[in-house]
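2 protein chains.
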Amino acid sequence: MILTVALNAALDVTYHIDQSISPHSTHRVREVTAAAGGKALNTARILHTLGESVVSTGLLGGATGRQIAGLIPQGLRHSFVSVAAESRRALVVADPDDATGFWEPGADVTDAEWSGFLDRYAGLSAVARVVVLSGSLPPGLPIDAYAQLVRIARLNRATTILDCDGSALHAALPERPDVIKPNTAELAEAVPHLDTGDDAGVVDAARVLLRAGAGTVVASRGPEGLIAVTDDGHWSAAPAAAIVGNPTGAGDACVAGLARGILHGQPWPSRLRGAVALSSASVLAPIAGHVEVNDYLRLRGTVDLRDFVVNNQHVSDNTEEQ
Amino acid sequence: MILTVALNAALDVTYHIDQSISPHSTHRVREVTAAAGGKALNTARILHTLGESVVSTGLLGGATGRQIAGLIPQGLRHSFVSVAAESRRALVVADPDDATGFWEPGADVTDAEWSGFLDRYAGLSAVARVVVLSGSLPPGLPIDAYAQLVRIARLNRATTILDCDGSALHAALPERPDVIKPNTAELAEAVPHLDTGDDAGVVDAARVLLRAGAGTVVASRGPEGLIAVTDDGHWSAAPAAAIVGNPTGAGDACVAGLARGILHGQPWPSRLRGAVALSSASVLAPIAGHVEVNDYLRLRGTVDLRDFVVNNQHVSDNTEEQ
Numbered sequence: 012m013i014l015t016v017a018l019n020a021a022l023d024v025t026y027h028i029d030q031s032i033s034p035h036s037t038h039r040v041r042e043v044t045a046a047a048g049g050k051a052l053n054t055a056r057i058l059h060t061l062g063e064s065v066v067s068t069g070l071l072g073g074a075t076g077r078q079i080a081g082l083i084p085q086g087l088r089h090s091f092v093s094v095a096a097e098s099r100r101a102l103v104v105a106d107p108d109d110a111t112g113f114w115e116p117g118a119d120v121t122d123a124e125w126s127g128f129l130d131r132y133a134g135l136s137a138v139a140r141v142v143v144l145s146g147s148l149p150p151g152l153p154i155d156a157y158a159q160l161v162r163i164a165r166l167n168r169a170t171t172i173l174d175c176d177g178s179a180l181h182a183a184l185p186e187r188p189d190v191i192k193p194n195t196a197e198l199a200e201a202v203p204h205l206d207t208g209d210d211a212g213v214v215d216a217a218r219v220l221l222r223a224g225a226g227t228v229v230a231s232r233g234p235e236g237l238i239a240v241t242d243d244g245h246w247s248a249a250p251a252a253a254i255v256g257n258p259t260g261a262g263d264a265c266v267a268g269l270a271r272g273i274l275h276g277q278p279w280p281s282r283l284r285g286a287v288a289l290s291s292a293s294v295l296a297p298i299a300g301h302v303e304v305n306d307y308l309r310l311r312g313t314v315d316l317r318d319f320v321v322n323n324q325h326v327s328d329n330t331e332e333q
Numbered sequence: 012m013i014l015t016v017a018l019n020a021a022l023d024v025t026y027h028i029d030q031s032i033s034p035h036s037t038h039r040v041r042e043v044t045a046a047a048g049g050k051a052l053n054t055a056r057i058l059h060t061l062g063e064s065v066v067s068t069g070l071l072g073g074a075t076g077r078q079i080a081g082l083i084p085q086g087l088r089h090s091f092v093s094v095a096a097e098s099r100r101a102l103v104v105a106d107p108d109d110a111t112g113f114w115e116p117g118a119d120v121t122d123a124e125w126s127g128f129l130d131r132y133a134g135l136s137a138v139a140r141v142v143v144l145s146g147s148l149p150p151g152l153p154i155d156a157y158a159q160l161v162r163i164a165r166l167n168r169a170t171t172i173l174d175c176d177g178s179a180l181h182a183a184l185p186e187r188p189d190v191i192k193p194n195t196a197e198l199a200e201a202v203p204h205l206d207t208g209d210d211a212g213v214v215d216a217a218r219v220l221l222r223a224g225a226g227t228v229v230a231s232r233g234p235e236g237l238i239a240v241t242d243d244g245h246w247s248a249a250p251a252a253a254i255v256g257n258p259t260g261a262g263d264a265c266v267a268g269l270a271r272g273i274l275h276g277q278p279w280p281s282r283l284r285g286a287v288a289l290s291s292a293s294v295l296a297p298i299a300g301h302v303e304v305n306d307y308l309r310l311r312g313t314v315d316l317r318d319f320v321v322n323n324q325h326v327s328d329n330t331e332e333q
């Protein structure tokens with residue numbers, strides 16, 4: 012079972028307006044759509060779509076939290092802990108040209124609520140094989156919140172994938188998360204003294220994070236694909252052609268691919284192939300956190316495994332699993 | 012007792028952001044504030060602040076409706092009817108320079124829910140002396156919704172104040188609402204063939220609406236104050252000096268002043284004096300639908316009763332009541 016943890020789950024709300032957004036005027040909203048959002052819930056939804064055994068946990072608060080719970084797809088098991096403050100909304104105003112985003116800060120979590128969550132998480136992570144920790148921390152949580160969750164997962168022998176940035180990431184590295192997935196901007200922010208502009212720079216920066224505690228660094232570089240860097244070597248994978256669509260949530264689809272590959276004991280090249288194909292399929296889907304299974308299966312065969320270095324030797328990729 | 016009717020009540024949400032709004036980018040929201048809003052609830056809140064006996068009714072739906080109910084001030088009596096669809100939010104993004112508004116359309120009300128509301132309203136309006144009907148109609152309601160409410164109030168011998176525009180106003184006029192309160196733009200839209208640019212034009216346009224069924228037309232003209240036009244004559248009142256502040260909700264404060272004046276049997280000049288003073292006091296208050304009682308009392312003495320014509324003769328104003 013894969014456990015996904017959404018500490019700062021969001022109600023993703025879209026305001027559809029018929030004219031371009033105009034600062035300092037008023038706009039009639041034609042239609043309001045809402046979905047259960049946040050990175051970890053996007054990952055959980057995609058894993059569920061692929062038929063994987065997944066359980067979603069995290070914190071939900073107030074009326075917005077109840078709305079989020081009501082929008083989780085039927086059949087996707089979840090076990091959220093309630094907090095008193097309101098869960099956040101992530102509002103996108105979609106006009107005919109493009110989208111404008113407004114991100115609320117999130118529910119202010121008390122010490123007692125966090126302690127209650129740790130109890131719930133200790134139980135769930137004891138029956139999980141893979142734990143996905145992703146997204147920002149809501150106000151009120153200690154900066155080492157992810158460090159605590161990585162430590163508990165390790166004691167429970169679950170493999171951790173951590174997708175966060177900034178001080179939350181730095182605080183968690185000493186607890187040795189098994190996989191971290193920074194994107195290019197997050198990698199550059201985490202290792203500011205190195206140039207991450209080319210493949211060699213990304214590998215060098217990733218090695219800094221390996222020395223800080225990460226088991227594997229999977230750097231996501233948008234349309235240029237992924238580079239996974241471990242102590243043993245590094246692999247890179249990219250879509251065969253540029254995918255045009257909605258890139259929101261592509262990173263969450265990537266994490267779903269990595270979690271699935273780890274659950275099924277795949278080697279790194281296969282994990283990357285799946286992660287790139289799921290990211291590409293999510294770009295094709297109009298809504299963040301969704302994929303069409305047929306897109307995924309079709310794209311998986313086309314992923315370009317470009318670089319493949321083990322113990323400083325290039326080797327060929329003979330693996331292929333679904 | 013004054014009954015206020017909020018058919019399209021709103022959760023007024025403000026996103027406070029630290030940088031100017033920038034189309035097609037993303038913004039971190041520093042703080043989210045919320046209030047129970049919509050025109051009728053603003054009017055009710057001000058009447059309650061002034062110590063008047065007021066009851067608020069209308070339609071509330073879903074989680075947003077429950078949030079609105081939870082934000083109605085303690086002690087302000089209310090009796091709302093629940094509907095299945097979500098009540099609307101009125102979102103203002105406040106940046107350091109100015110505000111940008113996004114108005115959701117509102118809950119889609121079913122025929123059965125409207126029928127249930129009419130039952131509730133029939134009872135409440137039977138014990139009301141004044142009924143305030145204000146704001147837009149939510150989707151799903153018949154365009155003659157206000158016409159139905161005016162008719163029921165008349166049968167119950169309650170005086171009606173109607174503050175709406177467009178086709179909802181036109182549909183209600185044949186039922187003879189006692190007072191309507193168009194602002195300059197709404198008056199120009201309702202009587203498009205007349206020039207409402209000066210006082211005489213406003214009086215002429217108002218007389219068109221009197222002939223269509225209105226008992227009195229109170230035209231609100233922002234900083235230029237009010238003109239009340241009846242079959243017997245017309246009166247105008249304006250603030251002594253321009254008031255700088257937040258004009259949102261000033262029209263709702265004006266309606267509160269009119270409702271209070273009618274409840275206490277004041278003559279038109281006193282009603283206008285109170286309505287102008289409450290509008291001005293609401294402009295001074297930073298939040299829509301709020302006034303400081305001291306501001307109101309101080310401003311009431313300064314209102315300029317400029318024009319005062321009864322049966323085509325100018326007369327002096329000797330009335331003053333609180």
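If you read the protein sequences in the order shown, they are chains A and B. As numbered in the working numbering, residues 12 to 333 make up the first sequence, in order. As numbered in the working numbering, residues 12 to 333 make up the second sequence, in order. All C-beta atoms in this analysis are idealised placements derived from N, C-alpha and C, irrespective of residue type, glycine included. Since this is a predicted model, take the numbers as computed values, not measurements.
Rounded to whole angstroms, the separation of the alpha carbons of N194 of chain A and T54 of chain A is 16 angstroms. When the five nearest sequence neighbours on each side are left out, the beta carbons in the same chain lying within less than 8 angstroms of the beta carbon of E303 of chain A are those of A292, L295 and A296, in order along the chain. For the stretch 69-81 of chain A, the set of residues with a beta-carbon nearer than 7 angstroms to any beta-carbon of chain B comprises A74, R77 and Q78, in chain order. For S36 of chain A, the chain B residues whose Cβ falls inside 8 angstroms of its Cβ are T111 and G112, in order along the chain.
Following the DSSP letters along the chain, one finds G285 of chain A inside the alpha helix (DSSP H) bounded by residues W279 to L295. By the Cβ-count criterion, V255 of chain B is exposed, with fewer than 16 other Cβ atoms from all chains shown falling within 10 Å of its own Cβ.
For E197 of chain B, not one C-beta of chain A is nearer than 8 angstroms to its own C-beta. Contact note: D108 of chain A reaches chain B through H35, using a C-beta cutoff of 8 angstroms and chain order.
Rounded to the nearest whole angstrom, the CA to CA distance from G226 of chain A to E115 of chain A is 32 angstroms. According to the DSSP assignment, E197 of chain A belongs to the alpha helix (DSSP H) that extends over T195 to A201. Residues of the stretch 12-29 of chain B with a C-beta less than 8 angstroms from any C-beta of chain A: Y26 and I28, listed in chain order. For G262 of chain B, the CB contacts under 8 angstroms within the same chain, skipping 5 residues up- and downstream, are K50, D174, K192, N194, S231 and S290 in chain order. The three-state reading of DSSP puts D263 of chain A in helix, counting H, G and I together.
Boundaries of the beta strand (DSSP E) harbouring A110 of chain A: A110 to W114, taken from the DSSP string. Distance from the CA of P84 of chain A to the CA of P149 of chain B, rounded to the nearest whole angstrom, comes to 29 angstroms. Taking a C-beta distance under 8 angstroms as the contact criterion, R140 of chain A and L58 of chain A do not qualify as a contact pair. At a Cβ-Cβ threshold of 8 angstroms, G112 of chain A and L102 of chain A count as neighbours. Straight-line spacing of the CA atoms in V65 of chain A and D130 of chain A works out to 19 angstroms. The C-alpha of A288 of chain B is placed about 8 angstroms away from the C-alpha of L308 of chain B. Within chain B, F113, W114, E115 and P116 have C-beta atoms less than 8 angstroms from the C-beta of V40 of chain A, given in sequence order. In this structure G72 of chain A is in contact with A95 of chain A, their Cβ atoms being roughly 6 angstroms apart against a cut-off of 8 angstroms.
At the C-beta level, A182 of chain B and T171 of chain B stay beyond 8 angstroms of one another.
With a threshold of 8 angstroms between beta carbons, V94 of chain A makes no contact with chain B. Sorting A:R39, A:G69 and A:R56 by C-alpha distance to the C-alpha of N19 of chain A places A:G69 at the top. Contacts with chain B (Cβ-Cβ distance below 7 angstroms) from the stretch 43-57 of chain A involve V43, listed in chain order. From the beta-carbon of I32 of chain B, the residues of chain A found nearer than 7 angstroms are P34.
DSSP places T241 of chain A outside any beta strand (DSSP E), giving it a letter other than H or E. Using beta-carbon distances, V104 of chain A counts as an interface residue toward chain B, with a partner under 8 angstroms.
Of the residues B:G244, B:A249 and B:H245, the one whose Cα lies closest to the Cα of L237 of chain B is B:A249.
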